[in-house]
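Participant: So the sequence lines, in the order shown, correspond to chains A and B.
Note that the UniProt record's numbering gives residue 422 to position 422 of the first sequence, counting from 1, and the numbers run on in steps of one.
Note that the UniProt record's numbering gives residue 213 to position 213 of the second sequence, counting from 1, and the numbers run on in steps of one.
All C-beta atoms, glycine included, are put in the ideal place defined by N, C-alpha and C.
Being a predicted model, the structure only gives us computed values, none of them experimental.
Protein chains: 2
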Amino acid sequence: MRILIIGAVAGGTSAAAKARRNSEDAEIIIFEKDVDISYSGCGLPYYIGGEVEKRSELVPRDAAFFREKYNVDVRTSHEVLDIDPNGKVLKVRDLNDGREYEEAYDKLIISTGARPFVPQMDGVSLDGVFTLRNVQSADRIRDFLRSKSPKRAVIVGTGFIGLELCEVLVKNGLEVHMVEKLPQVTPGLDSDMSNYLRDYLEKKGVILHLGTSATSIEGEGTVSGVTLESGETISADMVILAIGVRPETTLAKNCGIETGQSGAIRTDKSMRTSIPDIYACGDCAESFSLITGKPVYRPLGSTANKTGRIAGNAIFNDSLEFRGVLGTGIFRVFDMTVGQTGLTEREAIAEGYDIEVSHNIKPDRPTYYGGKEMVIKSVADRKTGRLLGVQIVGYGGVDKRIDVFVTAISFGARAEDLFHLDLAYAPPFSTTKDPVMYTGMILDNAMRGGRSIADPRLIGNGTYDGEEVQIIDARAAGQYMEGHVEGAVSMPHETVREKLSGLDRDKPVIAYCNKGTTGNAVQNILLNNGFTMVYNISGGNTNYRTQKKKRD
Amino acid sequence: MRILIIGAVAGGTSAAAKARRNSEDAEIIIFEKDVDISYSGCGLPYYIGGEVEKRSELVPRDAAFFREKYNVDVRTSHEVLDIDPNGKVLKVRDLNDGREYEEAYDKLIISTGARPFVPQMDGVSLDGVFTLRNVQSADRIRDFLRSKSPKRAVIVGTGFIGLELCEVLVKNGLEVHMVEKLPQVTPGLDSDMSNYLRDYLEKKGVILHLGTSATSIEGEGTVSGVTLESGETISADMVILAIGVRPETTLAKNCGIETGQSGAIRTDKSMRTSIPDIYACGDCAESFSLITGKPVYRPLGSTANKTGRIAGNAIFNDSLEFRGVLGTGIFRVFDMTVGQTGLTEREAIAEGYDIEVSHNIKPDRPTYYGGKEMVIKSVADRKTGRLLGVQIVGYGGVDKRIDVFVTAISFGARAEDLFHLDLAYAPPFSTTKDPVMYTGMILDNAMRGGRSIADPRLIGNGTYDGEEVQIIDARAAGQYMEGHVEGAVSMPHETVREKLSGLDRDKPVIAYCNKGTTGNAVQNILLNNGFTMVYNISGGNTNYRTQKKKRD
Chain A
1 MRILIIGAVA GGTSAAAKAR RNSEDAEIII FEKDVDISYS GCGLPYYIGG
51 EVEKRSELVP RDAAFFREKY NVDVRTSHEV LDIDPNGKVL KVRDLNDGRE
101 YEEAYDKLII STGARPFVPQ MDGVSLDGVF TLRNVQSADR IRDFLRSKSP
151 KRAVIVGTGF IGLELCEVLV KNGLEVHMVE KLPQVTPGLD SDMSNYLRDY
201 LEKKGVILHL GTSATSIEGE GTVSGVTLES GETISADMVI LAIGVRPETT
251 LAKNCGIETG QSGAIRTDKS MRTSIPDIYA CGDCAESFSL ITGKPVYRPL
301 GSTANKTGRI AGNAIFNDSL EFRGVLGTGI FRVFDMTVGQ TGLTEREAIA
351 EGYDIEVSHN IKPDRPTYYG GKEMVIKSVA DRKTGRLLGV QIVGYGGVDK
401 RIDVFVTAIS FGARAEDLFH LDLAYAPPFS TTKDPVMYTG MILDNAMRGG
451 RSIADPRLIG NGTYDGEEVQ IIDARAAGQY MEGHVEGAVS MPHETVREKL
501 SGLDRDKPVI AYCNKGTTGN AVQNILLNNG FTMVYNISGG NTNYRTQKKK
551 RD
Chain B
1 MRILIIGAVA GGTSAAAKAR RNSEDAEIII FEKDVDISYS GCGLPYYIGG
51 EVEKRSELVP RDAAFFREKY NVDVRTSHEV LDIDPNGKVL KVRDLNDGRE
101 YEEAYDKLII STGARPFVPQ MDGVSLDGVF TLRNVQSADR IRDFLRSKSP
151 KRAVIVGTGF IGLELCEVLV KNGLEVHMVE KLPQVTPGLD SDMSNYLRDY
201 LEKKGVILHL GTSATSIEGE GTVSGVTLES GETISADMVI LAIGVRPETT
251 LAKNCGIETG QSGAIRTDKS MRTSIPDIYA CGDCAESFSL ITGKPVYRPL
301 GSTANKTGRI AGNAIFNDSL EFRGVLGTGI FRVFDMTVGQ TGLTEREAIA
351 EGYDIEVSHN IKPDRPTYYG GKEMVIKSVA DRKTGRLLGV QIVGYGGVDK
401 RIDVFVTAIS FGARAEDLFH LDLAYAPPFS TTKDPVMYTG MILDNAMRGG
451 RSIADPRLIG NGTYDGEEVQ IIDARAAGQY MEGHVEGAVS MPHETVREKL
501 SGLDRDKPVI AYCNKGTTGN AVQNILLNNG FTMVYNISGG NTNYRTQKKK
551 RD
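1) Give me the chain A residues within the contact set of S40 (chain B), using Cβ-Cβ distance strictly less than 8 Å, ordered along the chain.
2) Per the DSSP calculation, L90 (chain B) is bridged to which residue(s)?
3) Does the pairing of the region 273 to 283 of chain B with the region 70 to 82 of chain B give three or more beta-carbon distances under 8 Å?
4) With distances taken from CA atoms, which of B:T112, B:D434, B:S191, B:A474 is nearest residue 565 (chain B)?
5) What's the gap between the Cα of G308 (chain A) and the Cα of R133 (chain B)?
6) I'd like to know whether the C-beta atoms of K515 (chain A) and G483 (chain A) end up nearer to each other than 7 Å.
7) If you measure between the beta carbons of I217 (chain A) and G123 (chain A), is that distance less than 7 Å?
8) Put K148 (chain A) into one of helix, strand or coil per three-state DSSP.
9) How about S235 (chain A): is its C-beta nearer than 7 Å to some C-beta of chain B?
10) Under 7 Å between the Cβ atoms of C166 (chain A) and V156 (chain A)?
11) Kindly list the residues whose CB is nearer than 6 Å to the CB of V89 (chain A), restricted to its own chain and excluding five residues on each side of it in sequence; keep chain order.
12) Taking any Cβ of chain A, which residues in the region 151 to 166 of chain B have a Cβ under 9 Å from it, in chain order?
13) I want to verify the contact list: residues of chain A whose CB lies under 9 Å from the CB of K198 (chain B), in sequence order.
14) Using 8 Å as the cut-off, can you tell me whether the region 287 to 302 of chain A makes contact with the region 310 to 327 of chain A, which would need three or more C-beta pairs spanning the two stretches below that distance?
15) I'd like to know whether the C-beta atoms of V436 (chain A) and R401 (chain A) end up nearer to each other than 7 Å.
16) Could you say which of A:D403, A:L500, A:R451, A:S125 lies nearest to T222 (chain A) if we only look at CA atoms?
17) Between the C-alpha atoms of R21 (chain B) and N524 (chain A), what's the straight-line distance to the nearest angstrom?
18) At a cut of 8 Å, does the region 255 to 273 of chain B reach the region 294 to 307 of chain B through at least three beta carbon pairs?
19) With 7 Å set as the bound, which would you pick, yes or no: does the beta-carbon of L458 (chain B) sit closer than that to a beta-carbon of chain A?
20) Does chain B have any CB closer than 7 Å to the CB of A408 (chain A)?
21) Nearest-angstrom Cα distance between D504 (chain A) and L527 (chain A)?
22) Tell me which residues share the same chain as residue 581 (chain B) and place their Cβ nearer than 7 Å to its Cβ, disregarding the 5 neighbours each side in the sequence.
23) Are the Cβ atoms of residue 579 (chain B) and P116 (chain B) separated by less than 7 Å?
24) Report yes or no: do three or more beta-carbon pairs, one from the region 440 to 451 of chain A and one from the region 355 to 371 of chain A, lie closer than 8 Å?
25) Is the CB of N134 (chain B) under 7 Å away from at least one CB in chain A?
26) To which residues of the same chain is P428 (chain A) closer than 8 Å at the C-beta, ignoring the five residues directly before and after it?
27) List the residues of chain B that G113 (chain A) touches, going by C-beta distances under 7 Å, in chain order.
28) Quick one: Cα of A415 (chain A) to Cα of I28 (chain B), how far?
29) Note down the Cα distance separating L421 (chain A) from I376 (chain B), rounded to an integer number of angstroms.
30) I want to verify the contact list: residues of chain B whose CB lies under 8 Å from the CB of F331 (chain A), in sequence order.
31) Considering E356 (chain A), what are the terminal residues of the beta strand (DSSP E) in which it resides?
32) Looking at chain A, which residues of the region 389 to 404 of chain B have a Cβ within less than 7 Å of any of its Cβ atoms?
33) By Cβ distance, which residues of its chain are closer than 6 Å to E180 (chain B), with the 5 residues on each side in sequence left out?
34) Rounded to whole angstroms, what is the Cα-Cα separation between E68 (chain A) and H493 (chain B)?
35) Could you work out which residue in B:T432, B:A16, B:N520 is closest to A446 (chain B) when comparing CA atoms only?
36) For the alpha helix (DSSP H) containing D473 (chain B), name the first residue and the last one.
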């Protein structure tokens, strides 16, 4: 058995290791165009920033390691030029000496990864314009920062790589501009959650240019600025293009392997491509949603490891099948963590779900123990009660809650299940009821308990979604005075029972407090007193303020 | 509807709040013997230690709050003397003035909590002998530390309260002795996991007296020492009894309410006791295991909140039923976190399960990003593949992994499911494959892939569980020289393929490395070369060393 693998980063090396675990006899060869192998692509921003000091920490394994430990022949600086699926032969070029030769395979695994998308515009090749793809490209950015001491940078794109690099540059003392085509940062988030991140970035001094594109990069030899659609030019000493990545599928397409709508290689659950004996894994392969079953393209190191292992196993048996992804992602920018999993509100609506949405604002630990608030936006399917997706922004413990949600959603959890989880409680780690449990309670109360949630974006001056409503501010009168929802009257929680007669029972009532808890208490009082149309503002005044804030 | 509640800490106040959410009309009265209500019992150690500075942070709500916000009448310093279930009347004493009166109920909720167990021995009433039950008892310890500046303390009991207090006292400069009847610290853990904690505590300077009991407390008026079974007296300026708690059930028992084997009040899933219209919740109530369905007693603030809410709801409808507990617990002592959920190995064996056990040692984040190792012991049912329980000791990210395991076990996860979880990966938060995933892979490989795991406790000099075996050390020769498993020969991973002929195919082989990964790689080589009896040491030499270490 002769197994050839194209690409030696996360997917390819995982496939090789798993194949070897299945068979001592198989001959396994990996071809890698690059010089580095098996490195942590997700660690690159931290390497540039110096949090990871040594290059060797990012690239812990070399070809000798794979030879000695796994009896795998890793050929770096070897480019595969062509796949002949009929003859089952690869044409390979040794980039060290230009020599070309052929290698025959019984099984082939394509793990060619992804490349940063570079838009077609003037100036992308100027000195000082970077993309981040591999360790060498990280070296170039790191060297540039140290040798050229740039003062101003423009980052095009506000995905997690752009934001992680943004932090690095700000910490290096640069003035950082970020350009994003969409009217929000981080396209993967719902816009309301994106607003929290946006406000935080601006507080950190990042200058955002949203809803506009870069049309050209200026400079003579070296970059001097970026011109936007408006005609405005931002002067800059360096530019990073972080607009996203595209699957590297040239070899696969050239030999007739099918790709999906995403442009990535289509596979079955054993990572088999449309051509017999050829498998694909990692960032060049299409994935599918565990929730909808539909194809998605979500290139990530963790998924590449997973699909690599599955491909390396599938050559020998079908005991391991890919179950799809939830599209989980997480990043840290300065002290803020942003995580998400499953469907966003936007995606859930596009899929035709009738959804319930909640914004739950809670500290990650007791405030007496230094807890800091996180905002958990959750989306559930009203028909089944099932949780569809979650987005969280916060400062501590976000990764924990996202992973708990990931696990719950993977097992088909309904909102009502979350309250029952026997999660670990001690003050250094959580609140007595964990924020995850509150999220379940809020959603379940809305779906089955008649505790309707109002979307702050739909609130006008005394109206909700265009309809006339009564808005009551359940906080202390002093808080109302400092700022309140447009059209709201002050009716502190402890006075509501006495003031019921002042409310019109035929008109919907919207209650709110700072974050939602007291608003819910008042909602309960009204419902239990016979009012029928009572809403609580999702995430209270905190969320309302964030969504209604005048920006620009 | 008249609802009376006995006890105003976690369970009672949760019940009251939920009852009010269900009904505006119900009259709700809570009687509390103590002066403080609704405080965080789990926060008391941190209050004593000063991490929580103000008493008011621990006790954020008072009777006025419940009156104003929930229209609930909380009567502090009011002791319920007697329950008359036929007349549906309580006899109450106002401790402020000694007045006694009766209150009739339609529904009664007993939430009398638990009290620290105080053994019958001389000296327990001496000055300087403490238990930790409520805020006042915490005040006493705090005041004693500040005013008396004790130099030496003995803590009897090594459960989480004892350990949290141990940290406080060590940080206050005291020499701390801990006395534990069992031969291990923290009775709830399996002894092998307890060994990690034990070594850590000793490194922190805590003096442990295990496998012995305190027989008397010495002193004249004020404590001067603790005498152990051996006759040895440890001199001490203060003593804390933290041997565990007992459910406070006197009132319930006196009126004929059934208790379970644990001594706590038996309830159904709606928290109904054996007497109509009387409910129980919180630390006085028995719980049951979500895994076995059998009664357990696991008093915890988080469970009290949960059962309180269920009791408060059950008065009105059966929409919310208690699903039981996994026995999840977590504590931090110095920088170490210890978490557990589900069945221990000991419990699983006692329940008759045929189990697979793994010790997975992995960093919580990439080591290039400051990751520190945690040890994850997991127990699975070989028959079904289901995960039964997990214990973790580590320094960071333990709470996250425990909560992911809690969620997985709650949904009946099999070991093989863990690899497929789309957990959130970025270097500040996790490794590319999360430690949770590795745990699932190791267990599944053992149960379905023939990758048997050897328990280091069963390894003798060239034997395993009494049988003669070949033990091979797969690490670099230099590591072998520095110390190795008794009876092992050095056979570094990269040399194994050449040295196969030197091994006896008819005798079992046990491979190992430092933590398990390379041992598994060698195990694969042997199995794929036709060897049939091949084990990998669980947790490798690290775990072996910890388990075989000579102590005392």
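Facilitator: Reading it off the structure:
1) Indexing the second sequence from 1 puts residue 40 (chain B) at position 40. Neighbours of S40 (chain B) in chain A, taken as residues at a C-beta separation under 8 Å, are given in chain order as P366, Y368, P427, T432.
2) Position 90 of the second sequence, counted from the start, is the residue given in the question as residue 90 (chain B). Answer is B:I83, B:E103, bridged to L90 (chain B).
3) no
4) As shown, chain B starts at 1 and ends at 552. That puts residue 565 (chain B) outside it, with no answer to give.
5) Position 308 of the first sequence, counting from 1, holds the residue named residue 308 (chain A). Position 133 of the second sequence, counting from 1, holds the residue named residue 133 (chain B). Distance between the alpha carbons of G308 (chain A) and R133 (chain B) is about 54 Å.
6) Here the question's residue 515 (chain A) lines up with position 515 in the first sequence. Here the question's residue 483 (chain A) lines up with position 483 in the first sequence. In this structure, G483 (chain A) does not lie closer than 7 Å to K515 (chain A) by Cβ.
7) Translated into the one-based positions of the first sequence, residue 217 (chain A) becomes position 217. Translated into the one-based positions of the first sequence, residue 123 (chain A) becomes position 123. A contact, by the Cβ cut-off of 7 Å.
8) Counted from its first residue, the first sequence places residue 148 (chain A) at position 148. Three-state DSSP puts K148 (chain A) in a helix.
9) As a first step, residue 235 (chain A) must be located in the first sequence, where it is residue number 235. No, S235 (chain A) lies away from the interface with chain B (no Cβ there is under 7 Å from its Cβ).
10) Translated into positions along the first sequence, residue 166 (chain A) becomes position 166. Translated into positions along the first sequence, residue 156 (chain A) becomes position 156. Going by C-beta atoms, C166 (chain A) is not nearer than 7 Å to V156 (chain A).
11) The count along the first sequence starts at 1 and reaches residue 89 (chain A) at position 89. Excluding positions up to five away in sequence, the list reads E102, A104.
12) Here the close residues are F160, E164.
13) Here residue 198 (chain B) refers to the residue found at position 198 of the second sequence. At residue 198 (chain B) the sequence reads Arg, which differs from the Lys that was named. Those within 9 Å of R198 (chain B) in chain A number zero; the least Cβ separation is about 20 Å.
14) yes
15) Against the first sequence, residue 436 (chain A) aligns to sequence position 436. Against the first sequence, residue 401 (chain A) aligns to sequence position 401. It is a contact, given that the beta carbons lie within the stated cut-off.
16) Numbered from 1 along the first sequence, position 222 holds the residue referred to as residue 222 (chain A). Distance from the Cα of T222 (chain A) is smallest, within the candidate group A:D403, A:L500, A:R451, A:S125, for A:S125.
17) Translated into the one-based positions of the second sequence, residue 21 (chain B) becomes position 21. Translated into the one-based positions of the first sequence, residue 524 (chain A) becomes position 524. Between R21 (chain B) and N524 (chain A), the C-alpha separation is close to 6 Å.
18) yes
19) Here the question's residue 458 (chain B) lines up with position 458 in the second sequence. No, L458 (chain B) does not count as interfacial toward chain A.
20) Mapped onto the first sequence, residue 408 (chain A) falls at position 408. So, interface residue.
21) Numbered from 1 along the first sequence, position 504 holds the residue referred to as residue 504 (chain A). Numbered from 1 along the first sequence, position 527 holds the residue referred to as residue 527 (chain A). Roughly 13 Å between the two C-alpha positions.
22) Examination of residue 581 (chain B) is not possible in this model, given that chain B is present from 1 through 552 alone.
23) In this structure chain B extends from 1 to 552, so residue 579 (chain B) is not present and cannot be described.
24) yes
25) Working through the second sequence from its first residue, we reach residue 134 (chain B) at position 134. For N134 (chain B), not one C-beta of chain A is nearer than 7 Å to its own C-beta.
26) Taking the first residue of the first sequence as position 1, residue 428 (chain A) is located at position 428. Counting only residues of its own chain and dropping the five nearest sequence neighbours on each side, P428 (chain A) has a CB closer than 8 Å to the CB of R365, Y369.
27) As a working mapping, residue 113 (chain A) is identified with position 113 in the first sequence. The premise fails here: G113 (chain A) is roughly 14 Å from chain B at the closest Cβ pair, so nothing lies under 7 Å.
28) Working through the first sequence from its first residue, we reach residue 415 (chain A) at position 415. Working through the second sequence from its first residue, we reach residue 28 (chain B) at position 28. C-alpha separation (whole angstroms): 29 Å.
29) As a first step, residue 421 (chain A) must be located in the first sequence, where it is residue number 421. As a first step, residue 376 (chain B) must be located in the second sequence, where it is residue number 376. Taking the straight line joining both Cα atoms gives about 20 Å.
30) Residue 331 (chain A) sits at position 331 when you count from the first residue of the first sequence. The contacting residues are A426.
31) In the first sequence, the residue the question calls residue 356 (chain A) occupies position 356. Where E356 (chain A) is concerned, the enclosing beta strand (DSSP E) stretches over 355 to 363.
32) D399, K400, I402, D403, V404
33) Numbered from its first residue, the second sequence carries residue 180 (chain B) at position 180. So the qualifying residues of the chain are T158, L210.
34) As a first step, residue 68 (chain A) is located in the first sequence; it is residue number 68 there, counting from the start. As a first step, residue 493 (chain B) is located in the second sequence; it is residue number 493 there, counting from the start. When rounded, the distance between both Cα atoms is 8 Å.
35) Position 446 of the second sequence, counting from 1, holds the residue named residue 446 (chain B). Per the Cα distances, B:N520.
36) On the second sequence, residue 473 (chain B) is found 473 positions in, with the first residue counted as 1. D473 (chain B) -> not in any alpha helix (DSSP H); beta strand (DSSP E) instead, spanning 470 to 473.
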